[in-house]
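Engineer: If you want our numbering, it's the 1-based position in the sequence shown plus 5. Before I ask anything, let me first share the structure, which is written out below as structure tokens.
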Amino acid sequence: MGYNAAMARLGSWIEPNPDGIYVRPADAWIDPASPKARALITHGHGDHARGGHGEVWATAETLAIMDCRYGEQNGRPVAYGDSVRLGEVEVGFVPAGHVLGSAQIVLDHAGERVVVSGDYKRRPDPTCAPFVVTPCDIFVTEATFGLPVFKHPDTGGEIDRLLHRLHTEPDRCVLVGAYALGKAQRVITELRGRGHDDPIYIHGALERLCRLYEELGVPLGELRLATGVAKEELRGRIVLCPPGALNDRWSRRLPDPVTAMASGWMRIRQRARQRNVELPLVISDHADWDELTRTIREVAPSEVWITHGREEALMHWCMTRQIKARELNLVGYEDEDD
Ligand SMILES: [Zn+2]
Ligand SMILES: [Zn+2]
């Protein structure tokens with residue numbers, strides 16, 4: 006094809022800014038780091054969903070999570086598979102498999118399709134709808150675990166290790182550090198799926214989101230607040246807390262806890278040691294290397310734009326397959342939710 010001055014660069018209507026992705030013909034921002042008049046939100050984690058926007062377009066579940074965390078938002082719910090017309094852009098929401106309500110945002114404009122996947126994973130998660138492959142011209146992806154060394158093990162096997170430890174040391178409790186949104190509820194649901202029907206004790210900081218998950222149709226079984234419970238009652242029990250509470254005063258009242266943590270980073274020994282984790286559980290809500298590359302193959306885009314994470318290996322992988330790759334270097338996306 007010869008040079009055509011009228012033909013714009015692919016995705017020229019999408020402007021990656023340090024502050025978020027600006028979709029010019031919709032006058033909307035995706036997961037912006039500061040308040041905007043119109044925001045499209047992929048999911049409820051704090052590094053993607055912030056309070057204070059004008060209109061917030063997201064799934065009803067994500068809006069419920071934001072209301073729970075920030076107070077009532079000016080929410081405009083869009084169901085999975087539905088789309089809305091914003092300015093000159095058709096905007097759709099499709100499951101991302103990351104946490105309850107998480108969505109890829111599908112943008113159609115000027116005969117081009119851009120999919121902003123937010124955070125995602127491909128393995129089954131009983132607490133949310135599975136990732137849906139949506140072919141597109143530009144696939145915007147994270148690369149949190151974008152190195153070939155990252156291969157998350159089977160989740161069931163990690164849950165079995167947790168239960169084995171609990172049963173072999175019945176005088177202790179197992180204290181599991183897990184992020185309050187998504188990871189905690191997933192660990193609980195996976196435990197239930199492995200037949201663990203005992204009450205599970207939770208730190209107060211997990212209570213509201215666990216209750217919200219149940220209201221939104223994710224049953225968690227019997228949960229009890231761990232605060233104020235006698236030491237004796239906690240022997241042989243599983244206790245969940247946010248990662249920050251693993252080593253603080255709060256955990257000192259527990260009966261000789263086996264300290265565990267559920268995170269993709271537990272694959273790295275040093276990270277487990279930093280938190281004094283005795284039982285690292287490699288359970289991640291992000292795609293590992295094989296999931297990232299499999300997803301790009303299936304989505305089959307002309308271009309891959311990488312928002313954050315370890316992008317170099319993935320850039321190289323794309324380029325050797327004739328897929329144009331670009332780093333966006335968006336700031337403010339942490340590994341908080343791994
Ligand atoms: Zn996330
Ligand atoms: Zn994130």
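Quick reminder that beta carbons are idealized off the backbone N, C-alpha and C, glycines included.
If I'm right that G344 touches V119 with Cβ under 8 Å, what's the distance once you round it to whole angstroms?
Structural biologist: There is no way to answer for residue 344, as the model of the chain reaches only from 6 to 343.
Engineer: Buried or exposed: which applies to T325, given that a residue is buried once 16 or more other Cβ atoms fall within 10 Å of its Cβ?
Structural biologist: In the sequence shown, the residue the question calls residue 325 occupies position 320. T325 should be labelled exposed.
Engineer: Measure the alpha-carbon distance for S256 versus A54 and round it to whole angstroms.
Structural biologist: Residue 256 sits at position 251 when you count from the first residue of the sequence shown. Residue 54 sits at position 49 when you count from the first residue of the sequence shown. Spanning the two alpha carbons is a distance of roughly 29 Å.
Engineer: So the beta strand (DSSP E) W255 belongs to, where does it begin and stop?
Structural biologist: Your numbering for residue 255 matches position 250 in the sequence shown. Unbroken run through W255: none, as it is neither H nor E.
Engineer: Any chance you could list the beta strand (DSSP E) runs of at least 3 consecutive residues sitting entirely within the region 23-98, in chain order?
Structural biologist: Listed in chain order, they are 25-28, 33-35, 43-45, 60-63, 80-82 and 88-91.
Engineer: With 16 as the cutoff for other CB atoms within 10 Å, does K41 come out buried or exposed?
Structural biologist: Against the sequence shown, residue 41 aligns to sequence position 36. Answer is buried; the Cβ neighbour count reaches 16.
Engineer: For the region 115-130 against the region 271-286, are there 3 or more C-beta pairs whose distance is under 8 Å?
Structural biologist: Segments in contact, no.
Engineer: Within 6 Å: the Cβ of H172 and any heavy atom of ligand 2?
Structural biologist: Working through the sequence shown from its first residue, we reach residue 172 at position 167. False, no ligand heavy atom lies under 6 Å from that Cβ.
Engineer: Taking 6 Å as the cut-off, does the CB of D124 come closer than this to any heavy atom belonging to ligand 1?
Structural biologist: Along the sequence shown, one-based indexing puts residue 124 at 119. Yes, Cβ of D124 sits closer than 6 Å to a heavy atom of ligand 1.
Engineer: Is it true that the region 238-246 meets the region 190-208, where meeting means three or more beta-carbon pairs spaced less than 8 Å apart?
Structural biologist: Verdict: yes, contact present.
Engineer: P175 to Y27, Cα distance in whole Å?
Structural biologist: For the purposes of this step, residue 175 is taken as the residue at position 170 of the sequence shown. For the purposes of this step, residue 27 is taken as the residue at position 22 of the sequence shown. One C-alpha to the other measures close to 54 Å.
Engineer: Between the region 297-310 and the region 187-206, can you find at least three pairs of beta-carbon atoms closer than 8 Å?
Structural biologist: In short, these stretches do not touch, since the Cβ pair count stays below three.
Engineer: Which residue or residues does DSSP assign as beta-bridge partners of L286?
Structural biologist: Here residue 286 refers to the residue found at position 281 when the sequence shown is read from its first residue. L286 is bridged to A267.
Engineer: Counting only the same chain and skipping the five closest in sequence on each side, list residues whose C-beta sits under 7 Å from that of G151.
Structural biologist: Counting from 1 along the sequence shown, the entry for residue 151 is found at position 146. Hits under 7 Å: W294, L297, G314, R315, E316, A318 and L319.
Engineer: Just checking H50 against ligand 1 - is the residue's beta carbon closer than 6 Å to any of the ligand's heavy atoms?
Structural biologist: Within the sequence shown, the letter at position 45 stands for residue 50. At least one heavy atom of ligand 1 is nearer than 6 Å to the Cβ of H50, so yes.
Engineer: Is Y338 helix, strand or coil when you go by DSSP?
Structural biologist: Position 333 of the sequence shown, counted from the start, is the residue given in the question as residue 338. In this structure, Y338 counts as coil in the three-state DSSP scheme.
Engineer: In whole angstroms, what separates the C-alpha of R43 from that of V89?
Structural biologist: Translated into positions along the sequence shown, residue 43 becomes position 38. Translated into positions along the sequence shown, residue 89 becomes position 84. Cα-Cα distance, rounded: 13 Å.
Engineer: At a threshold of 6 Å, does Y218 count as lining ligand 2 (C-beta to nearest heavy atom)?
Structural biologist: Position 213 of the sequence shown holds residue 218. Every heavy atom of ligand 2 is 6 Å or more from the Cβ of Y218, so no.
Engineer: Return the bridge partner residues of V145 from the DSSP annotation.
Structural biologist: Here the question's residue 145 lines up with position 140 in the sequence shown. Answer is V121 and W310, bridged to V145.
Engineer: Could you give the residue range of the beta strand (DSSP E) that holds A332?
Structural biologist: Indexing the sequence shown from 1 puts residue 332 at position 327. Correcting the residue identity first, residue 332 is Glu in this sequence and not Ala. K329 to E332 is the extent of the beta strand (DSSP E) around E332.
Engineer: Just reading off the alpha helix (DSSP H) that L168 is part of, what are its end residues?
Structural biologist: Working through the sequence shown from its first residue, we reach residue 168 at position 163. Its alpha helix (DSSP H) spans residues T160 to T173.
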